[in-house]
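In terms of the working numbering, the sequence shown has 136 at position 124, counting the first letter as 1, and numbering is strictly consecutive.
Below is one structure; the comments refer to it alone.
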Amino acid sequence: MTQTHAAPSKTDNATDRVYNFSAGPGVLPESVLEQIQADCWNIDGSGIGVLEHSHRGKVVDRIFAEAEADCRKVGNIGDDYAVLFLTGGATTQCYQVPANLLPDGARADYLQTGKWAEDSVENARLYGDINLAFDGQASVYDHLPMSDAEINHSDDAVYLQYTSNNTIYGTEFSFVPKPKNPDAFVVCDASSNIYSKPFDVSPFGVVYAGAQKNLGPAGTTVVIIRKDLLERKPRTLPEMLDYSVHAAKGSRYNTPPVFPIYVVGLVFKWIMSEGGLGVMAERNERKAKHIYDVLDASSFFKPHARKDCRSMMNVTFRCPTPELDAKFLEEAGARGMKTLKGHRSTGGMRASIYNAFPEAGCKALADFMKDFESKNG
Ligand SMILES: Cc1ncc(COP(=O)(O)O)c(C=O)c1O
13 MTQTHAAPSK TDNATDRVYN FSAGPGVLPE SVLEQIQADC WNIDGSGIGV
63 LEHSHRGKVV DRIFAEAEAD CRKVGNIGDD YAVLFLTGGA TTQCYQVPAN
113 LLPDGARADY LQTGKWAEDS VENARLYGDI NLAFDGQASV YDHLPMSDAE
163 INHSDDAVYL QYTSNNTIYG TEFSFVPKPK NPDAFVVCDA SSNIYSKPFD
213 VSPFGVVYAG AQKNLGPAGT TVVIIRKDLL ERKPRTLPEM LDYSVHAAKG
263 SRYNTPPVFP IYVVGLVFKW IMSEGGLGVM AERNERKAKH IYDVLDASSF
313 FKPHARKDCR SMMNVTFRCP TPELDAKFLE EAGARGMKTL KGHRSTGGMR
363 ASIYNAFPEA GCKALADFMK DFESKNG
């Protein structure tokens with residue numbers, strides 16, 4: 013029987029959505045959510061919802077082709093790179109990178125700037141000789157190296173891996189570290205700041221990002237990899253782990269997570285419709301400034317990240333006591349500002365303000381912080 017129902021009507025965004033400061037999965041653009049509502053019912057006039065389509069059919073062919081093409085357009089990524097949509101989260105990249113790219117006993121430099129970097133180091137040690145070229149653990153990862161002079165590069169590293177934005181601590185690199193070995197390439201975990209500002213892929217061998225912060229929902233990881241690296245193959249790998257297999261199969265070696273890849277594709281289109289990465293950067297800087305201005309002027313709130321390396325995506329701070337943190341979170345929640353609780357390793361608050369997070373929410377938080385300080389300071 014032919015389905016004749018209309019797509020479910022959209023809810024009233026103005027009244028039933030709160031400011032969602034979640035670190036990930038994070039907020040999505042409202043226009044994307046509306047499109048999803050319609051496409052879950054019937055996509056491309058096919059009479060079948062996006063969740064129900066075969067990954068080998070024409071609709072999914074279109075979705076994948078456009079997601080890849082739009083990823084390239086947004087990030088200005090040329091044909092010398094493959095764009096893959098993989099599974100297993102960014103966490104899988106902690107071992108997929110060294111398994112594919114680090115020969116037995118060879119050295120790689122890692123910058124340990126947070127928990128996710130720790131995981132990468134631990135997994136890479138299963139394959140090669142890892143040089144901790146920077147380690148911020150002693151100060152609970154409150155800062156980053158500010159230049160290559162603060163990085164203990166090794167002469168013979170095959171690659172250097174770092175995390176461009178440290179989601180938990182609220183630190184963000186303002187430069188791309190340059191390996192000492194001229195043949196080495198750079199690997200970047202960009203999970204929490206990919207496409208938040210203009211992007212130059214050329215220094216990188218591999219860039220990866222779990223989608224659920226700036227690009228879409230959880231379920232896929234975007235991996236941008238220089239094509240010559242696909243041929244390195246330092247060891248025999250299970251096919252599922254082999255980047256070159258996924259590249260040859262167009263990210264459809266096995267049944268892929270069509271839905272998150274479809275949403276990521278819509279988010280790329282949204283970024284372009286908003287004006288691209290230059291506009292994202294301007295907006296993100298303005299948004300973060302509302303909150304950082306309050307922190308800079310305050311003798312009450314204590315930021316976690318050092319000022320010279322703070323993040324445009326995750327703003328971390330504390331009240332003078334854990335009791336006041338709890339009160340802050342409760343009162344913020346009552347005013348429609350949710351999921352502000354910081355990670356257990358830093359305590360306090362974390363405002364994650366990814367691309368799709370509205371500037372009005374940053375202003376509302378800044379105003380509330382001032383009000384809270386005046387009443388509790
Ligand atoms: C910078 C960074 N890398 C890696 C991860 C792990 O991602 P996943 O949970 O997708 O494996 C996260 C998750 O928050 C992250 O913020």
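Each residue gets a CB set at the ideal place from its N, CA and C atoms; glycine is no exception.
Remember, predicted model here, so these are calculated numbers, not experimental data.
In the DSSP assignment, what residue or residues form a beta bridge with residue i?
i	result
residue 222	233
residue 31	349
residue 121	143 and 172
residue 328	362
residue 210	Answer is none; residue 210 lacks a bridge partner.
residue 238	93
residue 201	175 and 220
residue 264	None, per the DSSP bridge assignment.
Is the closest heavy atom of ligand 1 to the C-beta of residue i under 7 angstroms?
i	result
residue 317	no
residue 203	yes
residue 38	no
residue 111	no
residue 363	no
residue 222	yes
residue 102	yes
residue 175	yes
residue 125	no
residue 358	no
Residue i by DSSP, collapsed to three states: which one?
i	result
residue 183	strand
residue 87	helix
residue 163	coil
residue 361	strand
residue 142	strand
residue 18	Because the pLDDT of residue 18 is 41, which lies under 50, any placement of that residue in the model is unreliable, and the number read from its coordinates should be weighed accordingly. Correct three-state label for residue 18: coil.
residue 177	strand
residue 388	helix
residue 217	strand
residue 190	coil
residue 374	helix
residue 298	helix
How close, in whole Å, do the beta carbons of residue i and residue j come, if the pair is a contact with beta carbons under 8 angstroms?
i	j	result
residue 237	residue 94	5 angstroms
residue 123	residue 145	6 angstroms
residue 120	residue 140	6 angstroms
How about the stretch 255 to 266 and the stretch 164 to 178: do they share at least three Cβ pairs that are nearer than 8 angstroms? no
If you pair each beta-carbon of the stretch 324 to 340 with each one of the stretch 172 to 191, do three or more pairs fall below 8 angstroms? yes
Using 8 angstroms as the Cβ pair cut-off and three pairs as the minimum, do the stretch 244 to 254 and the stretch 223 to 234 touch? no
Under 8 angstroms, with one C-beta from each stretch per pair, do the stretch 116 to 133 and the stretch 142 to 160 reach the 3-pair mark? yes
I want to know whether the stretch 45 to 55 touches the stretch 268 to 280 - three or more CB-CB distances under 8 angstroms. yes
Do the stretch 79 to 99 and the stretch 206 to 222 meet, that is, are 3 or more Cβ pairs less than 8 angstroms apart? yes
Under 8 angstroms: do the stretch 366 to 377 and the stretch 26 to 38 share three or more Cβ pairs, one atom per stretch? yes
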